[in-house]
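The number in the working numbering is simply the position in the sequence shown, starting from 1, with 110 added.
For each residue, glycine too, the CB sits at the ideal point set by N, CA and C.
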Amino acid sequence: MTLLLILISITSFAQTKVNGRVVDSEDKQPLIGAQIVVESKGVVTVTSESGFFEIKLPDGSNTIKIKYLGYDAKTFSVNTNTPDLGVIALVRASTTLDEVIVSASPNNFKEEFKGSNFRISPITLKNINPLSAEEVLRMVPGVNILGDMGLSNRPNISIRGSWGRRSKKVLVMEDGTPSAPAPYIAPGAYYNPVSDRLTSIEVYKGADMLRFGPNNMYGAINYITALPPQKPELRMKLIGGQRNYQTGLLSYGGTWNNLGALVEGVYKKFDGFTDNSSVEVLNLNAKIYAKLSDNQSLYFKVSGQSEDNQASLSSQTPFTFDTDPTINPLDADQFTMRRYGVDVIHKWLLNSNLSFTSKIYATDFERDWWRQITAKVKASEVRNYVGEAIFNDRYSYLKGLDFDDEDYVIVGRVLNGRESTTDSRWTYTVSGFKETMNYDWQAFGEKQRLEAAINLHRETFKDRFLVADRSRWARNGTTTTDLWYKLWSFNGFIRNEFNIGKWGITPILRLEYVDMYRQDLLALAQNPNINSTEEGRVPNAYTQFLPGITVDYRIQDGEFYGSIYQGMIAPSKVFGFLVEQDGVVTNPLAGQSINIEPELAWNKEIGWRGNLWDNRIDGQLTYFNNTSRNFYAGGRNEVFQELGKFNVQGLEAAVGAELFNINQHRLHLLGNINVMQSRVLEGRLVDKDLFSQVIHSTATQNEYIDKVNANRSAYEVYVSNGSGGEVLLTDETIDQAGFQNITKSVIRFGEDGLSDAEAPYTPRWNASIGLNYDFQNLSVGVSGHFVSEQFTEFHNFSNESADGAIGKLPAYRSIDAYVNHDFILGKKLNMTAFINGKNITNEIYRASRLNRATSGIFGGGFRQIIAGVNLRI
111 MTLLLILISI
121 TSFAQTKVNG
131 RVVDSEDKQP
141 LIGAQIVVES
151 KGVVTVTSES
161 GFFEIKLPDG
171 SNTIKIKYLG
181 YDAKTFSVNT
191 NTPDLGVIAL
201 VRASTTLDEV
211 IVSASPNNFK
221 EEFKGSNFRI
231 SPITLKNINP
241 LSAEEVLRMV
251 PGVNILGDMG
261 LSNRPNISIR
271 GSWGRRSKKV
281 LVMEDGTPSA
291 PAPYIAPGAY
301 YNPVSDRLTS
311 IEVYKGADML
321 RFGPNNMYGA
331 INYITALPPQ
341 KPELRMKLIG
351 GQRNYQTGLL
361 SYGGTWNNLG
371 ALVEGVYKKF
381 DGFTDNSSVE
391 VLNLNAKIYA
401 KLSDNQSLYF
411 KVSGQSEDNQ
421 ASLSSQTPFT
431 FDTDPTINPL
441 DADQFTMRRY
451 GVDVIHKWLL
461 NSNLSFTSKI
471 YATDFERDWW
481 RQITAKVKAS
491 EVRNYVGEAI
501 FNDRYSYLKG
511 LDFDDEDYVI
521 VGRVLNGRES
531 TTDSRWTYTV
541 SGFKETMNYD
551 WQAFGEKQRL
561 EAAINLHRET
571 FKDRFLVADR
581 SRWARNGTTT
591 TDLWYKLWSF
601 NGFIRNEFNI
611 GKWGITPILR
621 LEYVDMYRQD
631 LLALAQNPNI
641 NSTEEGRVPN
651 AYTQFLPGIT
661 VDYRIQDGEF
671 YGSIYQGMIA
681 PSKVFGFLVE
691 QDGVVTNPLA
701 GQSINIEPEL
711 AWNKEIGWRG
721 NLWDNRIDGQ
731 LTYFNNTSRN
741 FYAGGRNEVF
751 QELGKFNVQG
761 LEAAVGAELF
771 NINQHRLHLL
781 GNINVMQSRV
791 LEGRLVDKDL
801 FSQVIHSTAT
811 QNEYIDKVNA
821 NRSAYEVYVS
831 NGSGGEVLLT
841 DETIDQAGFQ
851 NITKSVIRFG
861 EDGLSDAEAP
871 YTPRWNASIG
881 LNYDFQNLSV
891 GVSGHFVSEQ
901 FTEFHNFSNE
911 SADGAIGKLP
921 AYRSIDAYVN
931 HDFILGKKLN
941 MTAFINGKNI
951 TNEIYRASRL
961 NRATSGIFGG
971 GFRQIIAGVN
981 LRI
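In structure tokens:
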């Protein structure tokens with residue numbers, strides 16, 4: 111009898127493992143963290159990073175429900191006699207927003223975007239544990255990173271040859287909303303989400319770019335931040351590393367019926383790669399997504415970030431960089447900022463084919479950047495220049511060194527025995543309302559999709575400059591500049607996806623109307639007779655139409671595509687308030703109308719993307735050819751008085767390949783390469799710094815002389831007239847004696863001038879390759895990155911000046927590696943332990959000359975080892 115009861119008991123509790131894979135019904139991509147609920151038992155598990163799940167069920171028939179935020183739940187009966195459920199497809203709810211969907215696809219592209227694009231998956235971000243977003247973006251073909259030794263809070267990103275300083279000519283978005291402090295007036299990326307918050311990154315480069323604006327000429331980056339998890343969980347991530355690197359992340363969130371919520375905080379601290387370059391960041395954010403009814407949903411996001419950095423605009427000379435690349439004596443530089451942002455999105459499904467999505471967004475941003483005034487001094491004269499006390503405090507590394515006549519050091523300028531500072535104080539507010547309509551209709555036996563949007567956008571920007579001449583530690587001073595900018599824009603687009611059999615044709619048309627003005631408040635304050643706050647407004651208004659079209663042809667497991675569109679870069683800040691007449695740009699005089707127009711480009715591309723060999727290989731290959739015009743300014747004080755025209759063309763390729771997958775051993779190859787060629791086609795450039803600020807070496811002097819003498823008609827050379835003015839030098843050739851008197855250099859590009867000049871920061875080769883090995887809960891990877899040599903200014907100097915302001919950057923390479931291991935402790939605690947090595951060979955390389963004549967060389971980051979744990983309960 112006892113034996114019979116035992117057998118009955120065992121039988122009643124017998125269990126079988128049931129497994130399956132949950133994917134999106136449209137693109138068949140895996141859904142991470144989908145909930146698997148056994149309703150009778152209350153058992154819950156979630157899908158893995160590949161969409162797989164495994165759950166123990168009592169033998170016999172069971173009812174399970176699969177739920178995922180933003181998707182229609184699926185309930186069905188499971189019999190343990192068939193334990194492999196195969197692929198289970200969930201249908202996106204009609205009220206779902208793009209902001210709450212993150213694909214776990216192993217593909218390196220987003221299928222919904224028409225044209226070339228690249229996506230970085232959640233798995234990649236988890237493995238890399240990046241110090242900054244720039245570390246990840248260099249994996250994207252067509253992207254070039256201009257390093258400045260920081261943590262990417264002010265990223266310098268170039269896409270397809272765009273001018274990269276502060277990413278001014280790239281549209282940077284966070285969860286689909288432009289994130290620059292002022293996307294039109296001041297698009298420099300002085301804010302970037304901390305990398306620990308990111309779930310995925312998407313980079314767009316095709317004609318569908320016209321859905322976004324304003325700066326849609328070269329490319330756009332969309333940072334996708336962490337979403338509410340499908341199952342309620344507490345998450346804590348702790349990282350430590352060299353140079354006092356510390357990161358702490360704490361979050362709690364989950365999904366309850368039709369409501370998803372997440373509250374998250376990130377604290378980050380780092381002493382920096384050089385002396386006096388620390389950073390401290392605090393970010394707090396929260397999100398709520400709610401399905402209000404069968405035809406309405408609501409998304410709310412609020413965030414705040416503050417920073418306190420020792421950040422310098424000055425860098426190093428060749429002498430100091432080669433002596434010790436960690437040297438930075440400017441200990442009083444300080445960058446502080448705070449930013450608040452809010453997004454509210456409501457979607458209303460009028461019927462099964464028609465929906466309206468309303469977005470309200472706003473940001474408030476303020477930054478102070480106190481920077482020491484600097485001077486360039488011969489190394490042999492530093493001690494006498496700064497004085498004994500300052501020398502012993504911050505320049506004692508020079509003791510005992512031998513110097514030659516071209517060894518220079520960037521020091522804090524000393525005047526009346528004191529060092530001093532200036533402050534660039536910027537305040538921005540941005541707000542807007544965007545309404546988007548989507549309408550699905552039928553034609554040619556296929557579903558067609560119409561999309562249209564209108565956007566009302568407003569910006570204000572207050573630009574103040576202060577001088578504090580009593581101490582380098584002063585944090586208040588005399589206001590010397592006080593400018594006020596205000597802008598409003600009406601913009602929008604209309605787009606339709608026509609599907610005819612295997613063909614897709616997607617025309618798009620964008621409209622930009624911009625009305626902006628500038629006021630010099632300091633100058634107005636000197637006038638006692640002003641009658642209103644509207645006096646002194648310098649206006650500029652323009653309208654721009656931007657057409658584009660993409661054609662694609664779908665084949666098995668892939669598609670061919672081609673697109674052409676006209677993109678634009680909005681006139682910003684000072685450059686937006688100039689006068690252009692017959693191609694010549696001047697500052698306005700009294701009575702002149704401001705009429706400078708956007709920088710424009712016709713961008714063309716043709717390519718393929720898809721999967722091969724039973725989905726073991728995914729990739730894309732794109733040829734692009736972009737010709738931009740109305741180009742006014744690149745580097746500091748490198749301006750085109752006759753607007754420039756450029757051509758950049760190249761080939762981009764990216765591949766992901768599963769080399770083997772046997773008995774849970776999996777080896778994956780990732781690689782990308784970009785081959786690029788640029789040429790300046792037209793324009794007349796005035797370089798104001800080349801002789802007033804740059805300290806030339808013998809090599810750069812000789813190189814300039816040879817350039818001028820080899821193509822005399824391309825150069826206008828001006829020399830001092832001895833009484834404070836300058837005159838055009840008419841000599842057929844110049845020599846060393848004449849070089850000393852040159853005050854200004856003007857270059858003409860094109861048929862009558864230089865015909866083979868390259869644009870700055872457009873390296874011929876840019877590539878990365880990586881190998882990832884996975885076995886059960888272990889993941890190991892190594893990757894290498896290579897960037898070929900690149901010019902840094904329009905004169906295309908190959909040699910380096912004595913102060914490091916000009917000269918070609920040599921090619922460089924770096925290697926990274928990681929080890930991750932997942933653990934399950936007890937019933938509820940999931941832990942990932944990891945160690946990452948950045949630049950493990952400690953390659954010392956010149957990464958940029960971003961501030962050119964006012965700074966010098968910025969190095970790349972040195973070897974950095976970090977380790978940490980990621981806990982989920």
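Under the three-state DSSP convention, the category residue i falls into
i     : result
N650  : strand
A553  : strand
L115  : In this prediction, L115 has a pLDDT of 47, which is less than 50 and means its spatial position is unreliable; what the coordinates show is noted afterwards. Reduced to three states, the DSSP call for L115 is helix.
N930  : strand
I120  : Caution applies to I120, whose pLDDT of 44 falls short of 50 and renders its modelled position unreliable; the value that the coordinates give is listed next. Residue state, collapsed to three classes: helix.
T808  : helix
Y733  : strand
F849  : helix
V689  : strand
P140  : strand
D816  : helix
S1044 : Because the chain here runs from 111 to 983, residue 1044 falls outside it and cannot be looked at.
N502  : helix
Buried/exposed call for residue i, threshold 16 Cβ in 10 Å
i    : result
D846 : The residue you asked about is not Asp; residue 846 is Gln in the sequence shown. When all chains shown are included, Q846 counts as exposed.
T590 : exposed
V827 : buried
S673 : buried
Q730 : buried
G451 : buried
F750 : buried
T287 : buried
S119 : For S119, the predicted model reports a pLDDT of 46, less than 50, meaning its position is unreliable and no value from the coordinates is stated.
H775 : exposed
S911 : buried
Residue i versus residue j - alpha carbon distance
i    : j    : result
F380 : Q356 : 6 Å
W598 : V624 : 6 Å
H905 : I311 : 35 Å
A296 : N302 : 15 Å
F228 : G760 : 16 Å
N393 : I727 : 38 Å
S135 : Y742 : 48 Å
V890 : F944 : 10 Å
K612 : F670 : 11 Å
T155 : G196 : 17 Å
A562 : T467 : 11 Å
T872 : S807 : 24 Å
D866 : L634 : 46 Å
L117 : A124 : Reliability fails at L117, whose pLDDT of 44 lies under 50, so the model's placement of it is uncertain and no value is given.
T810 : V804 : 10 Å
F445 : R477 : 7 Å
T121 : E164 : The predicted position of T121 is uncertain, since its pLDDT is 46 and thus under 50; no value can be drawn from it.
V979 : A317 : 41 Å
L113 : F186 : Low local confidence applies: a pLDDT of 48 at L113 is under 50, so the model's placement there is unreliable, with the coordinate-based value given in what follows. If I take the Cα positions, the gap works out to 36 Å.
T126 : T539 : 59 Å
E245 : T190 : 46 Å
L621 : F603 : 6 Å
I142 : G894 : 28 Å
According to DSSP, residues forming a beta bridge with residue i
i    : result
K755 : E792
D194 : N129
N548 : S465, E561
S187 : T173
A396 : V373, V412
V496 : Paired residue(s): none; V496 is not in a bridge.
S259 : Going by the sequence as given, residue 259 is Met instead of Ser. In the DSSP output, where bridge partners are listed per residue, M259 has none listed.
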